[in-house]
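Going down the list, the sequences are from chains A, B and C.
Read left to right, the first sequence gives residues 1 to 996 (the working numbering).
Read left to right, the second sequence gives residues 997 to 1413 (the working numbering).
Read left to right, the third sequence gives residues 1414 to 1513 (the working numbering).
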Amino acid sequence: MSGNRVAGKGRVDVGKSVRFTFDGKPFVGLKGDTVSSALLANGVHLMGRSFKYHRPRGPVAAGSEEPNALIGTRRGPGRFEPNTRATVQEIWQGLETTSQNKYPSLKWDIGAVNDAAYMLFSAGFYYKTFMWPKSFWHRVYEPFIRAAAGLGVSPTEEDPDTYASRFLHCDVLVVGAGPAGLAAARAAAVDGLKVVLVDENAEVGGSLLSEPQALVDGQRAWDWLAAEVEALKAAGVRIMTRTTAIGYYHQNMIGMVERLTDHLSDLPADTPRERMWRVRAKRVVLAQGALEKPLVFHGNDCPGVMLAGSAQTYLNRYGVLVGQRPVILTSHDSAWFAAFDLADAGAQVQAIVDTRESVRDDLLAEAGKRGIRLKIGHTATATKGRLRVTSLRVNPVTDGKVGAGYVIGCDAVLMSGGWTPSLHLFSHTRGSLAWDEDLTTFLPKDTPENCVIAGASRGLWGVEAVLNDGADKGRAVAADLGGTGGETACSVASDRTGTGVSHTELPTDLNPGKAKAFVDYQNDVTAKDLRLAVREGMRSIEHVKRYTTNGMATDQGKMSNINGLNIAADALGKKQPQVGLTTFRPPYTPTSFGAFAGYHRGAHFEVTRKTRIDGWAEENGAVFEPVGQWRRAWHFPKPGEDMDTAVRRECVATRQSVGIFDASTLGKIEVVGPDAVEFMNRMYTNPWTKLAPGRCRYGLLCGDDGFIRDDGVIGRLTTDRFHVTTTTGGAARVLNMMEDYLQTEWPDLNVWLTSTTEQWATIALNGPKAAALLAPLVEGVDLTDEAFPHMSCVECTVAGMPARLFRVSFTGEIGFEVNVPAPRGRTLWEVLWEAGRQYDICAYGTETMHVLRAEKGYIIVGQDTDGTVTPKDAGLDWAVGKSKPDFVGKRGMARPDLTSEGRKQLVGLLTEDHSRLEEGAQIVFDPTQALPMTMVGHVTSSYHSDAVGRPIALALVEGGHGRMGETVHIPMPDRTIAAKITPMVFVDPDNARLKI
Amino acid sequence: MTHFSAFSLLKNALTGHKNWTEQWPDSQPKAEYDVVIVGAGGHGLGAAYYLAKEHGITNVAVIDKGWLGGGNTGRNTTIIRSNYLYDESARLYDHSVDLWENLSQELNYNVMYSRRGVLMLAHNVHDVQSFKRHIHSNRLNGVDNRWLTPEECKAYCPPLSISKSARYPVMGGALQERAGTARHDAVAWGYARGAAARGVDIIQNCPVTAIRRNADGSVAGVETARGFIRAKKVGVSAAGHTSVVMQTAEVRLPLESYPLQALVSEPVKPVFPCVVMSNAVHAYISQSDKGELVIGSGTDQYTSYSQRGGLPLIEHTVAAIAEVFPIFNRMRMLRKWGGIVDVTPDRSAIISKTPVEGLYVNCGWGTGGFKATPGAAHTFAWTIAKDEPHPINAPFTMERFRTGRLIDEAAAAAVAH
Amino acid sequence: MLLITCPYCEETLPEAEFAYAGQAHVIRPENPSGQSDEQWEEFLFIRENPKGPHFERWRHLHGCGRFFNAVRDTVSDKFLTTYRAGAPRPDLASLGGDAK
């Protein structure tokens, strides 16, 4: 055991040594140590470098509020994290840790030149300079600033770990398992209420872990704690450790992150690294405790300068003496107890320096018993030491005058500037705070959420007061939920109560303009930076914070906010509440992205919808494209084919014989009821009354603004039943829109809407041989033009399966769409495939579908239209039932701009040089004009067409319908392409091919 | 006003920084102004600056209910770009970028405009078509924007995953190299300092409770927590709170206010050289000069002034970032916050006169107002000074919602700003 | 994540089950073609956007599928009440919220 480990102290396992490395050097700690406690036990205080000045830094705290001791942690390939707090990371066998923000080494860091030039790097310096010459900002200054900042380095490999997430519902959630939280949980858990107690530390107990001397109801604190934990378990309380309540969201939803493996030497199989809990609690008790404030004086950041309470924690919880010869520097009684604990553990306490003029007699007596030198009514004005503190300069203060300074040699300075209640989660609720002048701190006031706050986090002090307050709050919460609450009043002996005073910077006799008295350690914000910000007109704490970066480090102001506020208020001559407190924002402590992402990674990032025929496509070499949540077969290349070749082959095969296409992703909505036809008349632009059962019609859907929203073929199966199809991406939107109008505008209509997208598998057969292929498989329907003409639909049997058969075409060829119950989709596909072999049937994908429909001038909503195209613009005026008194979109499309001249209209384009246009290319009338050009439209669809023998395109062109035969120009980066405006239908304008 | 330079910094360093003066005074309201601007964000302060500098109107007050720059100016992810589809938008945002490029020198305040490039990722065929349409349109408008293959995207932004097996594989991207980021607070402070130096009063913590009108209907001034302030003209640029202010003048606007969330990671050394936006997965990301990854999310689904925002949206956003940049999965989120954005039906802004004589409004910026700050402020000042639109903001009227002449960037491309 | 009471299911459920559907009581005119451009603009686009109680619509999308109305305070995000579509606008004063 090293010289700094105290026998008989701490909760670490003396029998289990753990080896780890820091900057490549091996160290040994004990099971239960953090990296910080283990390094301190080895006499190492220097653990990092600060952000701006690269000053050497050691841990100032012992918990998650630590701003200085940030390290890189590594567990083999892929498992590296920067900026891990050494005070939180538990050591395990083989852990590799590294210091940060230094080059070439932690002890000799070239970046520390910034420290020498610190006068230039005052608050906001970068707003005032780096402006000349202009080009230097991007090339020289900014890269310099960026490289100097940033602390650790990013991971470079993909994360091999998994993350989980769970919901949890409970009656009472208690955040913080210190004495207040333990008592609250105990009191609330007696009436069968479901209570959850959560703590960020590896074990429960909170401040009790640092105060073993307390006697609770006559029991030693740690014995009481052990018994209490058993009692809580017996009462059914769920205790969660290593779990941080990160945020308080609406209506008592708390986000919590449980760390499951970062402390383990061996990773268990199939265990997530972290788990995000989304807790919905009927009541929440916040018992987050209090955080100690540093004192602000020149050199208060030297390694070895640390919070007194943290030194006490290192001693009592980890058995580590942070210094053999410490000086205590305090404005609060609490640090005196730290002095006593350290002295009793064998440290040579060099002095207790108290800034107050007088101190409680019992403390003086206790110090006297231990022979500790006392410096009451003193200030501290400097430390000495580069990589570890070697002395503290102190001065007497009489009537506000700072006397002559003298030096006390030491190897640690243990400071306390008093305590700040933790109001983080309370603040997340947008709860209001009240300033307490006596405690110089904010206390909780009102909150819109169902929560209470207990213990030190509402300004109470001492184990007894906190325990009983916790019990009171637990009882109150239980009563609120109809319980009675437990009786758990405690009496505590050897309790350490205390008071203190609050300071801005400590008074000094040295030039305050040269003082490096740090407020925000990590971001290197000094007291004089804060005063400079005020001098420059920053009057709110929000401005001061942003100008200086105080409170914006990875501790998010846990160390610095109140000190910063006190100094800013002092500089402004105002009370603190008038200057304000910046809002605490989630998460309470930095939380891994993985924990937020949870299961939503890779294939699980978002569901992939697949049709029943997807498997066949995959087995047959399909290349897929994502369309919304669906994946669709894009094309079916044969070996050696690229996409263009495959698509051309698929197109030719379909027009020559027959192609088969999986159209299952089409949205399908069943519209049923006595008023179905009236509903359709109102929703769609087309008239539906005269559509006979067994017939289909192309339907066009607009919004009430008059612009096209969706389209699809709609079949009337019976007088009161329509089979509506929508675009693949529009299905959910269209159904929602229909429901909206039906439920809220026309509740009198007797209509039911049902999404049937997933219920039907839809297979399209297109081509001259489609009817020949299908006819033998269809029962009861004669597939002739006379009996079943184009745009017919029927319920029938196909290949022995119940089916809805549509004779429709999205290609210009004879076409059928066969809908069968989805589970039978693949069977039907394979039957059709086998039957089609005699016709050289060809499977085609979405790209071929796009080409074939473009050749025929059929539009794709969302490609050939965007949200600004009217039916008339799209050449679909014929689909608008103008004699209908009303339909969705009728009034909208009568607005002035939608009826004006010169709107962009959908037309065909044929390039003069037979080159294929690029989709999205812009169109101009005058190719010779200078930039910016007047653009009159753009190419919406463009393909090579073997059927036409040249590339074809569709385009929106200003006044296009009146410009048939005119030439427009498409300026490309390297040349300008001329194209002739044509009608949209390139193939078979007379629809001869639709006849069998 | 102290001129800022390396020399002045050095000089003041030698004197212990004791001689810096305040960058703007905390003014008390006068009884009357030529122009009162409601809202001391970048847009409002900038309008006051340009009124003073370019139109010689210096009897101006900018009034805010809180601290200047405390609204969306100080809460956004600072992305600047101008590769918008429609001519109207491209002109406005490109005018803005022109101003951004010289803003530090113009204001003698380093706003750290960083031309690091904005890369918009395409994850499906529809994205590809849409971005190419943007690129062609931008080229003919003289706005830079070019197509990158997945490999070129990866070369430009090394942390990017272009794995073909990703749920949303990268199919390419549109890169605007002239685009980038700036330091948001500095924009508000720089305009405040410049405006104040030209005589503008900046009045903070003074909520405007109503806009008052004369008997003839024209604007009379504003009622505030510190009493009535007479004004010949009133310009409102109060972002999410615009509806509420304008309704007191009986002007009803097509606006809804939504919560928008953003977050930053812990700081790390430079790893992310540009800005990347991905609409398919709904997230955007850059790295601040401080080293934090700055990540923007979408809006929550419901209107709200609570500035809270829900956990599920953040979970989705972080998942999206980790999906596109898997090496960041073990990075940690440091802080997330919310703002209130005012959204119009066509997702484009309104910079316009109103039916009330002497009342002007600059609103509806949705999630994209920061990038427009100089351009919007510049043209808004013109509109107020001359009582007519600047050619650049002329299309951004209130009337377009009546006529249907929308500037529908959202419908055209489903692109977030 | 908000908790929302569906007035049809009579259950309080997480927001994830619901879809926001904009301002409530915006009634599509009986005869749209008789509307002026200004009236149609009002119907399509002009919204109250209040800071405080907001009459709004939600749909229990992943539940019963019904649209219903709610009053929610947009400052605290608290629901003051929810009620079925077609039911009259509740009196704000009786809801006990921070009605303005």
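Even for Gly, the Cβ is constructed at its ideal location relative to N, Cα and C.
Keep in mind the model is a prediction, meaning the values are calculated, not measured.
Residue-chain proximity (residue i, chain C), Cβ-Cβ < 7 Å
i: A/MET1; result: Its pLDDT being 45, under 50, A/MET1 is placed unreliably by the model, and the measurement read from it follows with that caveat. Closer than 7 Å: no.
i: B/GLN1297; result: yes
i: B/SER1239; result: yes
Assigned secondary structure, residue i (DSSP; H/G/I helix, E/B strand, else coil)
i: A/PHE125; result: helix
i: B/ASP1094; result: helix
i: A/LYS233; result: helix
i: C/ALA1506; result: helix
i: A/ARG57; result: strand
i: C/ALA1512; result: With a pLDDT of only 37 at C/ALA1512, under 50, the local geometry of the prediction cannot be trusted, and no value is derived from it.
i: A/TYR248; result: strand
i: A/VAL327; result: strand
i: A/ASP362; result: helix
i: B/ALA1410; result: Reliability fails at B/ALA1410, whose pLDDT of 43 lies under 50, so the model's placement of it is uncertain and no value is given.
i: A/THR583; result: coil
i: A/ALA799; result: coil
Cross-chain neighbours of residue i in chain A, by beta carbon under 8 Å
i: B/THR1138; result: According to the sequence shown, residue 1138 of chain B is Gly rather than Thr. Residues of chain A passing the Cβ test: LEU931, PRO932.
i: C/GLN1448; result: ARG891
i: C/LEU1529; result: Any answer about residue 1529 of chain C is impossible in this case: the structure gives chain C only from 1414 up to 1513.
Residues bridged to residue i (per DSSP)
i: A/CYS302; result: Per DSSP, none; premise fails for A/CYS302.
i: A/PRO37; result: This sequence places Ser at residue 37 of chain A; Pro is not what is there. DSSP, once it has assigned bridges, lists no residue as partnering A/SER37.
i: A/ALA879; result: The partner list for A/ALA879 (beta bridge, DSSP) is empty, contrary to what the question assumes.
i: C/PRO1463; result: According to DSSP, which records beta bridges pairwise, C/PRO1463 is partnered with nothing at all.
Beta-carbon neighbours of residue i, restricted to chain C and to distances below 7 Å
i: A/THR744; result: PHE1480, ALA1498
i: A/PRO896; result: ASP1450
Short Cβ contact (7 Å threshold) for residue i with residue j
i: B/GLY1040; j: B/SER1253; result: no
i: A/SER122; j: A/LEU510; result: no
i: A/ALA269; j: A/MET256; result: no
i: A/ALA921; j: B/HIS1130; result: no
i: C/GLY1435; j: C/ARG1479; result: no
i: A/GLY551; j: A/SER540; result: no
i: A/VAL936; j: A/GLU958; result: yes
i: A/GLN522; j: A/PHE51; result: yes
i: A/PHE426; j: A/LEU286; result: yes
i: A/LEU956; j: B/GLY1400; result: no
Contacts of residue i in chain A (Cβ-Cβ under 9 Å)
i: C/LYS1491; result: HIS250, GLN251, PRO448
Within chain A, partners of residue i - CB distance below 7 Å
i: C/LEU1415; result: HIS250, GLN251
Proximity test, Cβ basis, 7 Å: residue i and chain A
i: B/THR1399; result: yes
i: B/TYR1105; result: yes
i: B/ASP1383; result: no
Cutoff 7 Å: residue i Cβ touching any chain B Cβ
i: C/ARG1441; result: no
i: C/GLU1454; result: yes
i: A/VAL153; result: yes
Contacts that residue i makes with chain B (C-beta to C-beta distance below 8 Å)
i: A/THR554; result: GLU1262, PRO1263, LEU1330
Neighbour list for residue i in chain C, Cβ cutoff strictly below 8 Å
i: A/ASP886; result: ASN1444, PRO1445, SER1446
Per-residue contacts from residue i into chain B (C-beta, under 9 Å)
i: C/ALA1429; result: PRO1308
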